[in-house]
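Visitor:
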Amino acid sequence: MTERPIILWFRNDLRLADNPALHFAKQRKTPLVPLYVWSPEEYGDWPPGAASRWWLHQALRSLRDDLRGCGSDLITRVGPSGKTILDLASQTNASAVFFNRCFQPALRERDEHVTRQLVDAGLEVQTYNGSLLFDVGDVRTGAGHPYKVFTPFWRACLAKPVPPQPLPKPRKLPEFPSFRAVASHEPDLLANMSWENKLADHWIPTESGAHANLREFTQHALAEYHTGRDLPAERKTSRLSPYLHFGQISPRQVWHAVSPHEHPPTPKSDETPAKSLYQYLAEIGWREFAYNLLHFFPETRNQPLRPEFADFPWERNAAALERWQRGMTGYPMVDAGMRELYATGWMHNRVRMIVASFLVKHLLIPWQDGAAWFWDTLVDADLASNTLGWQWTAGCGADAAPFFRIFNPITQGTKFDPTGGYVRRWCPELAELPEKWLHQPWEAPANVLGAAGVILGENYPDPIVDHPEARKRALDAYQTIKKQN
DNA sequence: TTTTGAGTTGTTCGA
DNA sequence: GTCGAACAACTCAAA
Numbered sequence: 008m009t010e011r012p013i014i015l016w017f018r019n020d021l022r023l024a025d026n027p028a029l030h031f032a033k034q035r036k037t038p039l040v041p042l043y044v045w046s047p048e049e050y051g052d053w054p055p056g057a058a059s060r061w062w063l064h065q066a067l068r069s070l071r072d073d074l075r076g077c078g079s080d081l082i083t084r085v086g087p088s089g090k091t092i093l094d095l096a097s098q099t100n101a102s103a104v105f106f107n108r109c110f111q112p113a114l115r116e117r118d119e120h121v122t123r124q125l126v127d128a129g130l131e132v133q134t135y136n137g138s139l140l141f142d143v144g145d146v147r148t149g150a151g152h153p154y155k156v157f158t159p160f161w162r163a164c165l166a167k168p169v170p171p172q173p174l175p176k177p178r179k180l181p182e183f184p185s186f187r188a189v190a191s192h193e194p195d196l197l198a199n200m201s202w203e204n205k206l207a208d209h210w211i212p213t214e215s216g217a218h219a220n221l222r223e224f225t226q227h228a229l230a231e232y233h234t235g236r237d238l239p240a241e242r243k244t245s246r247l248s249p250y251l252h253f254g255q256i257s258p259r260q261v262w263h264a265v266s267p268h269e270h271p272p273t274p275k276s277d278e279t280p281a282k283s284l285y286q287y288l289a290e291i292g293w294r295e296f297a298y299n300l301l302h303f304f305p306e307t308r309n310q311p312l313r314p315e316f317a318d319f320p321w322e323r324n325a326a327a328l329e330r331w332q333r334g335m336t337g338y339p340m341v342d343a344g345m346r347e348l349y350a351t352g353w354m355h356n357r358v359r360m361i362v363a364s365f366l367v368k369h370l371l372i373p374w375q376d377g378a379a380w381f382w383d384t385l386v387d388a389d390l391a392s393n394t395l396g397w398q399w400t401a402g403c404g405a406d407a408a409p410f411f412r413i414f415n416p417i418t419q420g421t422k423f424d425p426t427g428g429y430v431r432r433w434c435p436e437l438a439e440l441p442e443k444w445l446h447q448p449w450e451a452p453a454n455v456l457g458a459a460g461v462i463l464g465e466n467y468p469d470p471i472v473d474h475p476e477a478r479k480r481a482l483d484a485y486q487t488i489k490k491q492n
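Position in the first sequence counted from 1, then plus 7, gives you the working numbering.
Structural data, given as structure tokens:
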């Protein structure tokens with residue numbers, strides 16, 4: 008009689024190192040059947056977008072290679088998760104299913120449903136937390152409520168025991184003798200794609216690619232993260248967001264790579280490296296915070312957390328939305344960001360705030376429209392972080408920026424892209440403009456524009472709105488929901 | 001229960 | 001150029 012295998016169900020945990028489900032399944036010393044199931048309809052109203060599918064396609068290939076390197080393999084299938092796993096269990100005579108938990112609300116419900124199906128069929132089910140430092144719901148206020156303000160949330164996290172050391176990466180996995188007898192079905196993740204092909208010029212969507220980015224960051228940017236993180240022209244951020252989303256690296260691995268001492272850093276320190284370390288870890292903290300908020304307030308993926316914003320006088324405008332999406336607003340900092348996004352599937356965090364503020368406040372377009380575009384084009388699209396980020400910008404979320412804080416795209420540009428390296432890279436038609444006019448070409452004298460080869464309205468657009476006017480319009484719109492409440 | 005202190009990332013205006 | 005104040009009060013979390 009052959010030993011009954013364990014099905015290892017991969018989801019957003021596409022890695023071998025520090026993978027609890029994999030680690031504890033391996034300890035059973037029975038054969039492992041690694042499985043990925045493509046079932047986009049189970050994501051509810053936010054199925055993976057185009058950039059996410061491109062990344063997933065690459066990540067699955069890479070995971071399969073890595074598993075083969077350990078003497079194993081990856082089965083991929085398409086269909087409803089419960090039925091697909093049950094079919095595979097009966098084909099392989101599996102006795103158990105191990106997986107790491109998902110935290111997106113629709114997937115959590117799906118997992119509960121699937122678990123019931125599996126248990127009813129007599130299978131053992133084991134689940135683990137592999138994607139958060141602190142399990143959702145573990146960090147609560149003294150009164151037992153979820154936190155709605157980041158700082159006390161993160162302070163409470165740091166007061167907890169330090170997250171455990173990452174689990175080791177297996178060199179060899181228990182072999183499953185009859186992989187050849189089990190059919191794989193490749194999901195068609197790249198259907199109808201064209202622009203995504205160029206993403207490969209900017210990313211290595213593999214587990215080792217994640218660690219290469221982490222190494223590069225800790226060696227060359229972490230110590231000056233405090234200031235460097237605001238400069239989009241430079242590579243001073245870790246660029247780990249897509250890897251974290253797909254679980255090619257875990258927040259625990261990141262924590263222990265940047266924080267060699269067991270004690271959490273103190274935020275009060277004035278020393279730049281310590282400040283930098285704290286600030287970087289706080290970004291991981293924001294991810295945790297976002298997961299908690301989405302868990303306790305799942306409707307915020309579509310609706311503002313602050314109810315008064317349901318009456319905000321947004322102005323849906325398809326033409327303006329498209330100019331924003333294509334990077335043709337006439338504000339160089341905004342356009343550079345939107346073009347970076349479309350070309351690379353990613354945008355620097357500082358610039359995300361600028362373009363988001365511009366859409367919501369200068370154009371008065373609903374934040375949900377911006378969230379949808381980010382969702383489709385970002386390789387790191389994550390429902391929790393995307394929701395938090397957009398509601399933060401729009402002023403309608405937890406711990407959000409007040410609505411009257413309106414980013415000035417010119418000031419932001421001169422402050423954070425002072426020599427214009429970022430704008431010149433992504434808006435090459437402006438590359439010859441001197442610094443003084445780069446962030447406001449419409450103010451440049453005709454001879455300066457001429458010398459730089461810029462013809463406003465022809466090879467670079469006139470500003471879509473006038474900043475002072477748009478600012479006033481936004482503040483007036485905000486007054487209308489304030490009066491009612 | 002009441003009180004108190006605090007809160008990611010800004011901008012503009014006027015001295 | 002640089003600085004502080006105003007923006008506009010409000011909600012959250014803990015004592």
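The beta-carbon is built from N, C-alpha and C at its ideal position, and this holds for glycine as well.
Computed from a prediction, not measured in an experiment: that's the story for all the values here.
Under a three-way DSSP split, which group does W53 fall into?
Guide: coil
Visitor: Specify the secondary structure class of Y338 as computed by DSSP and reduced to three states.
Guide: coil
Visitor: Nearest by alpha-carbon distance to A377: which of V386, N393, D389, D387 is it?
Guide: Before going further, note that residue 377 is Gly rather than Ala in the sequence given. For G377, the nearest C-alpha among the options comes from N393.
Visitor: Am I right that G78 and L180 are in contact with their C-beta atoms under 8 Å? What's the rounded C-beta distance?
Guide: 6 Å
Visitor: Within the continuous beta strand (DSSP E) that includes F381, where are the two ends?
Guide: Where F381 is concerned, there is no enclosing beta strand (DSSP E), although the alpha helix (DSSP H) it sits in stretches over 374 to 384.
Visitor: Quick check on G149: buried or exposed, where buried means 16 or more other Cβ atoms within 10 Å of its Cβ?
Guide: exposed
Visitor: Return yes when the C-beta of L180 is under 7 Å from any heavy atom of the ligand ADP, and no when it is not.
Guide: As presented, the structure is devoid of all ligands, the ligand ADP included, so that no description of it is given.
Visitor: Going along the chain, which unbroken runs of the alpha helix (DSSP H) with 4 or more residues stay wholly within the stretch 292 to 357?
Guide: Runs of the alpha helix (DSSP H) inside the stretch 292 to 357: 325 to 333, 339 to 351.
Visitor: What do you reckon, are the CB atoms on L395 and G402 nearer than 8 Å?
Guide: no
Visitor: What's the gap between the Cα of Q133 and the Cα of F183?
Guide: Rounded to whole angstroms, Q133 to F183 spans 19 Å at the Cα level.
Visitor: How about M200 and A350: do their beta carbons lie closer than 8 Å?
Guide: no
Visitor: Which of the three DSSP states is assigned to A289 in this structure?
Guide: helix
Visitor: Let's test the definition: count the other Cβ atoms within 10 Å of the Cβ of I92 and tell me whether it reaches 16, buried, or not, exposed.
Guide: buried
Visitor: Quick check for students: name the residue ranges of the beta strand (DSSP E) that lie wholly in the stretch 12 to 66, counting only runs of 3 or more.
Guide: 13 to 17, 39 to 45
Visitor: Need the endpoints of the alpha helix (DSSP H) that V121 sits in, please.
Guide: 112 to 127
Visitor: Would you report the Cα separation of R333 and Q375, rounded to the nearest angstrom?
Guide: 17 Å
Visitor: Measuring CA to CA, which of A219, C109, A163, L42 is closest to E193?
Guide: The shortest C-alpha separation from E193 is found at L42.
Visitor: S74 and L81: beta carbons closer than 8 Å?
Guide: Position check: residue 74 holds Leu in this sequence, whereas Ser was assumed. Yes, they are a contact pair.
Visitor: Please report how far the alpha carbon of P448 lies from the alpha carbon of V358, in whole angstroms.
Guide: 19 Å
Visitor: Determine the DSSP secondary structure at N454, reduced to helix, strand or coil.
Guide: helix
Visitor: Grouping DSSP H, G and I as helix and E and B as strand, with all else coil, what is Q398?
Guide: helix
Visitor: With distance defined between alpha-carbon atoms, name the residue in M354, A96, N26, F411 nearest to E241.
Guide: M354
Visitor: For I462, which residues in the same chain have their Cβ closer than 8 Å to its Cβ, ignoring the five residues on either side in sequence?
Guide: L456
Visitor: Going by C-alpha to C-alpha distance, which of A408, P468, R294 sits closest to Q111?
Guide: R294
Visitor: Rounding to the nearest angstrom, what Cα-Cα distance links N466 and E436 in this structure?
Guide: 7 Å
Visitor: According to DSSP, which residues form a beta bridge with T134?
Guide: F106
Visitor: Using C-beta distances below 8 Å, list every residue in its chain close to R308, excluding the 5 sequence neighbours before and after it, in chain order.
Guide: For R308, where only same-chain residues beyond five positions count, the Cβ hits under 8 Å are D52, W53, P112, L301, L390, T394.
Visitor: What residue from G76, N107, P171 has the CA that sits closest to R178's CA?
Guide: G76
Visitor: What is the DSSP secondary structure of R178, counted as helix, strand or coil?
Guide: Coil at R178, not helix or strand.
Visitor: Which residues mark the beginning and the end of the beta strand (DSSP E) in which R222 is found?
Guide: No beta strand (DSSP E) contains R222, which is instead part of the alpha helix (DSSP H) from 214 to 227.
Visitor: So who's on the other strand from R84, going by DSSP bridges?
Guide: Beta-bridge pairing links R84 to V44.
Visitor: Would you be able to state if there are at least three C-beta pairs under 8 Å between the stretch 141 to 148 and the stretch 27 to 36?
Guide: The answer is no - the stretch 141 to 148 does not touch the stretch 27 to 36, with fewer than three Cβ pairs under 8 Å.
Visitor: So, is V341 buried or exposed, given that buried needs 16 or more other C-beta atoms within 10 angstroms?
Guide: Buried.
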